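Each residue of the sequence shown is one higher than the last, beginning at 9 in the working numbering.
What follows is a set of notes on a single structure, which appears directly below.
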Amino acid sequence: MAAVDNLSDVSKLKISNDASKRSKRRRSSNYRLTEKPNVKVQAVKKDKKRKHLLPPSLNLKAPNKVVKIRDVRDFALYIYQLENRSPSFIDVTNRDQIEHVVLLLVPGLELQDFGLDWESLKFDSIELPKIPEELKFFQSNLNQAAITQAPDDNYSLYPLTNALINIPYNKKEKQRKTKELESKKVVIGDLLMKVEEFIDQNYPVHPLIEGVTEIEKTSPPLGWVDTVEFEHEGSHTFSIDCEMCETEAGKVLTRVSLIDFNEQVIMDELVKPKDEITNYLTQYSGITEDALKNVTTTLQDIQQKLLKIISVNDVLIGHSIENDLNVLQLRHPKIIDTSLVYEHPRGPPYKSSLKYLTKTYLNRTIQEGSHDSIIDAKACLDLVKTKIQTNALLGKVIDGQTIFNILEDSHKKAVVIDYMRVPKGNTKFVECSNDDEITDNVINKSTNSELVIAKLNEINLSQRDEANGIKSKDEIPKKEKLFQKLNERIEKIYSNLPGNSILIVSSGNGNTTQVHSLGQQKRNFKREYQNKLYSEIESKWDNDDESNLKNAMKKARTGLVFATLKTKSKSTPKEQNENEINEQVVINDENNEEAILETDES
């Protein structure tokens with residue numbers, strides 16, 4: 009029995025050993041099934057960490073098709089991950105590290121300047137046959153380019169800046185938005201200006217505006233007053249309009265009119281300014297020297313009267329009344345500005361005149377001669393009433409949204425710098441009078457704006473001056489000189505850009521002088537043809553002219569786009585320390601992976 013027992017023990021031992029081997033094989037099998045995929049996942053994470061430590065890169069590539077100006081704009085949105093489609097003409101790695109994009113428009117740069125022939129363009133290459141000697145920065149940093157096409161607008165050139173700012177809805181989006189606004193009713197609170205609009209439109213900022221920050225909450229300057237809260241009977245909605253005259257110190261208040269929601273005149277007073285009037289602006293203000301002869305009412309008198317009529321909770325209506333409030337030296341938090349409620353067809357920063365809005369939406373004529381502040385105040389009030397009685401669609405331009413809106417939704421800023429007239433103090437647009445001012449403003453704004461769009465106009469304006477005969481040939485700078493100045497400005501901008509910034513240069517349009525000349529000829533013909541027989545018209549227009557205009561449009565719309573990246577040339581000590589820490593994390597992860605493998609295998 010003992011032998012049997014011993015044999016039994018041996019058998020048990022053998023069975024136990026066999027089980028142990030099978031268990032080990034199972035563990036080994038489990039390891040192969042579970043651990044190796046984890047190694048791959050961790051390796052991918054490790055590669056991503058390493059890739060993130062690398063600086064961003066940018067390379068232009070042949071798109072094999074023409075690049076639309078909207079593609080250039082969408083590239084800027086793609087950088088900030090606000091556009092999903094990767095651009096066809098450019099490759100970017102580590103785009104999350106890009107901090108600023110500057111887009112310079114230089115209309116007037118022509119294909120022939122770079123050795124390209126408009127009639128035999130190729131889209132499978134970005135190489136330039138030549139670069140003008142004066143454009144040395146292009147030779148070193150912008151030596152490749154893709155062919156672009158600017159938009160047109162019924163045989164006229166569409167403004168380049170507008171094409172970059174405004175992002176149109178597609179047909180389906182437009183229908184959806186239109187239907188949505190048609191069905192939406194408006195209450196007066198929906199039309200109140202937001203704090204961002206107060207700042208953008210240069211309105212004085214009352215500390216009780218909804219959403220105002222602590223930084224923007226300031227005491228009223230000397231001589232200014234703020235509306236305060238008090239209870240009162242009657243209307244809580246007023247419409248205001250002021251007339252102004254000029255002094256050496258600027259425009260001053262000479263008449264103020266205030267009506268309530270029922271169009272009852274609450275105030276209509278002439279005001280004697282403390283400074284001597286240098287220009288009564290009678291053709292606009294209706295104010296004459298005789299009208300103010302015996303007036304003793306001062307600005308301070310008007311301020312005190314208004315503070316007893318308008319509570320801080322009341323609504324004040326007007327048309328671009330930032331000017332009115334500034335001459336009144338009055339701050340109020342609840343404003344409806346009819347120039348913002350009724351949008352301009354071309355989008356911001358353009359605004360429709362009160363005269364135009366009154367004729368278009370109220371079918372009545374105002375401001376035939378001089379302005380009348382009571383009539384203007386009533387027009388503003390009626391525009392608001394009409395909007396409330398209709399729907400949210402009235403006065404809206406349903407073409408799309410602006411690049412400002414898209415960036416603001418992601419807490420990013422954009423600014424446009426150009427020669428266009430903009431309201432004083434507008435934070436989204438900067439008005440300049442020459443290319444040197446534009447250059448300085450680009451440098452200034454690029455440090456605190458994610459996107460800067462600017463237009464250098466000197467080359468284009470010189471081409472127009474020459475074509476129109478405005479200046480003699482001796483007065484117009486030679487192209488070589490214009491190129492030299494352009495090179496200096498772009499190089500100055502680039503050298504002052506922060507690290508990890510992209511600089512895009514696009515001509516947008518080529519030489520537009522022939523388009524403008526033929527376009528003017530066509531307009532003259534149409535004007536004469538309304539009142540004359542064809543044989544009597546001096547400036548005729550025929551099929552050949554129409555064909556020439558089409559070809560000139562195609563040529564003028566064709567341009568080039570260049571791009572370069574400025575990386576951070578030298579890391580700060582803090583950045584170097586962060587990089588070292590990140591690298592150590594990667595090393596530690598690798599060591600941890602090896603330790604895990606060793607433990608499992610043992």
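We treat Cβ as the ideally placed atom computed from N, Cα and C, and that holds for glycine.
All of these numbers come straight from a predicted model, not from anything done at the bench.
Is residue j closer than 8 Å to residue i when the C-beta atoms are compared?
i           : j           : result
residue 424 : residue 156 : no
residue 266 : residue 252 : no
residue 485 : residue 470 : yes
residue 422 : residue 411 : yes
residue 277 : residue 296 : no
residue 80  : residue 543 : no
residue 122 : residue 153 : yes
residue 245 : residue 269 : yes
residue 134 : residue 68  : yes
residue 102 : residue 62  : yes
residue 382 : residue 447 : no
residue 88  : residue 458 : yes
residue 528 : residue 549 : no
residue 325 : residue 247 : yes
residue 441 : residue 505 : no
residue 294 : residue 198 : no
residue 351 : residue 436 : no
residue 126 : residue 566 : yes
residue 418 : residue 108 : no
residue 574 : residue 494 : no
residue 330 : residue 210 : yes
residue 456 : residue 115 : no
residue 507 : residue 564 : no
residue 555 : residue 532 : no
residue 362 : residue 346 : yes
residue 84  : residue 132 : no
residue 402 : residue 186 : no
residue 387 : residue 370 : yes
Quick one: grab the DSSP three-state call for residue i.
i           : result
residue 390 : helix
residue 346 : helix
residue 252 : strand
residue 16  : Since pLDDT at residue 16 reaches only 45, below the 50 mark, its modelled position is unreliable, and the value read off the structure follows with that caveat. Looking at residue 16 - three-state DSSP - the assignment turns out to be helix.
residue 426 : strand
residue 78  : helix
residue 339 : strand
residue 331 : helix
residue 559 : helix
residue 221 : coil
residue 399 : coil
residue 412 : helix
residue 382 : helix
residue 438 : strand
residue 62  : coil
residue 122 : helix
residue 351 : coil
residue 147 : helix
residue 377 : coil
residue 159 : coil
residue 576 : coil
residue 180 : helix
residue 571 : strand
residue 235 : coil
residue 589 : Caution applies to residue 589, whose pLDDT of 46 falls short of 50 and renders its modelled position unreliable; the value that the coordinates give is listed next. Residue state, collapsed to three classes: helix.
With residue i and residue j assumed to form a contact (beta carbons below 8 Å), what rounded beta-carbon distance in angstroms separates them?
i           : j           : result
residue 408 : residue 113 : Rounded, the Cβ-Cβ distance is 20 Å, inconsistent with contact.
residue 499 : residue 145 : 4 Å
residue 374 : residue 366 : 5 Å
residue 5   : residue 303 : Missing from the structure shown is residue 5; the chain here goes from 9 to 610 and no further.
residue 264 : residue 317 : Not quite, the Cβ-Cβ distance comes to about 11 Å (not below 8 Å), so this is no contact.
residue 236 : residue 320 : 6 Å
residue 307 : residue 272 : Not quite, the Cβ-Cβ distance comes to about 24 Å (not below 8 Å), so this is no contact.
residue 349 : residue 250 : At roughly 19 Å, the Cβ-Cβ gap does not stay under 8 Å, so residue 349 and residue 250 are not in contact.
residue 77  : residue 143 : So it is not a contact: roughly 22 Å between Cβ atoms.
residue 541 : residue 497 : Actually they do not touch by this definition, with Cβ atoms about 52 Å apart.
Confirm the yes/no value for this check: CB of residue i, any heavy atom of the ligand ADP, distance under 7 Å.
i           : result
residue 542 : Looking for the ligand ADP in the displayed structure turns up nothing, as the structure carries no ligands at all.
Entirely enclosed alpha helix (DSSP H) segments - the segment 248–323, minimum 4 residues: 290–293, 307–317
Stretch-stretch touch, CB-based, cutoff 8 Å, three pairs: the segment 334–352 with the segment 209–221: Result yes; three or more Cβ-Cβ pairs closer than 8 Å.
The segment 171–185 contacting the segment 86–102, beta-carbon criterion three pairs below 8 Å: no
contact_flag[the segment 352–366, the segment 281–291] where n(CB pairs < 8 Å) is 3 or more: no
Alpha helix (DSSP H) segments (min. 4 residues) lying fully within the segment 480–554: 487–504, 521–537
Three-pair Cβ contact test at 8 Å for the segment 116–136 versus the segment 523–533: no
At least 3 beta-carbon pairs within less than 8 Å: the segment 389–397 vs the segment 191–201: yes
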